[in-house]
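Enquirer: The structure's right below; bear with me while I get my questions together.
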Amino acid sequence: MNSDTRTLVVATGNPGKLAEIRDLLHSLGIELLSLADFEHLEPVEEDALTLEGNAVKKARVVFESTGIPTIADDTGLEVDALGGEPGVFSARYAGPDCEPVANRMKLLAELSDQGNRGARFRTVVALVSDSETITFDGVCEGSITTTERGSMGFGYDALFVPSGSNRTFAEMDSDEKNEISHRGKALRKLRDYLQSPTRR
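According to my numbering, the sequence shown is numbered sequentially starting from 3.
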C-alpha cells in the first residue's frame, strides 16, 4: 500500500469495534470506511481455524470487492480452565447466530465451579492491499469475573478484568481500555507500520 493512501476499509459491521479502531487510528488522518458504507457487502464468514486466518480472509474478501486497502481483525478470549476456549469461536460460543449476552452467560456457566479464572484476549489485525498482506497481534492477560460488571464496551468486556486492574473493560472509558487492550496493542503496531519512514 502506498504511503499516500488516504482511505482504508475496516471489514466490520460491529459499531463498538469500529469506534475503537477509529479512536486508535485517528492520528493518521486516514478516512476509515466500514461494511455499512458499501450496500453490496455482507459480513464474511469466519470459518478459518485461527484468528490470523479469519482476519486475513475478511480483509482479502473486502479488498477484492472494493479495491480499497482493507483492515480486519479477529479476536478470541482464551480461558485457562477451559483449555483455551472459546478462542477462535468466541463470537459464536453459544451458537452461530447468538447474541453477545448468550456468550457471556454460557461462559459464566462453564466457569461456575472453577477456581482458576485466568484468561487472555488475543487479537490479530490484517492489512490487505494490492501489494501486501501483513498481520499484527496483541495480547491482554487478565481474569474472568463471576458476574457482569459495567455498561461500556461490547462482547465479553463486562466479564474481563485486565491484569493490574480491579475493573472490567466495561467499567473503563474508551481511552483507558484502548491504552491496555489487546486490540489497542495490535492497532498501535499497525499505526506505527503505516507511519514508518521506510514506507515513504
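By construction, the Cβ of each residue, glycine as well, lies at the ideal position given by its N, Cα and C atoms.
Assuming R34 and N180 are in contact, meaning their beta carbons sit under 8 Å apart, how far apart are those beta carbons, in whole angstroms?
Expert: Correcting the residue type first, residue 34 is Leu in the shown sequence and not Arg. Not a contact, Cβ separation roughly 15 Å.
Enquirer: For T77 versus V11, is the C-beta spacing smaller than 8 Å?
Expert: Contact flag unset, no.
Enquirer: The ligand ZN heavy atoms versus the CB of G155: any closer than 7 Å?
Expert: Inclusion of the ligand ZN in the displayed structure is not the case, the ligand content being empty and no account of it being possible.
Enquirer: Once the 5 residues before and after A96 are set aside, which same chain residues still bring their CB inside 7 Å of it?
Expert: Within the same chain, A96 has close Cβ partners A104, N105 and K108.
Enquirer: Under 8 Å, with one C-beta from each stretch per pair, do the stretch 109-117 and the stretch 60-75 reach the 3-pair mark?
Expert: As far as the Cβ criterion goes, the stretch 109-117 does not touch the stretch 60-75, which means the pair count is below three.
Enquirer: Looking at T137: is its Cβ nearer than 8 Å to the Cβ of A57?
Expert: For T137 and A57, yes; Cβs fall inside 8 Å.
Enquirer: Contact defined as beta carbons within less than 8 Å: I believe E80 pairs with G89. What is the distance between those atoms, to the nearest angstrom?
Expert: Right, the Cβ-Cβ distance comes to about 5 Å (below 8 Å), so this counts as a contact.
Enquirer: Among residues of its own chain, excluding the 5 on either side of T52, which ones have a beta-carbon nearer than 7 Å to its beta-carbon?
Expert: The residues are V90.
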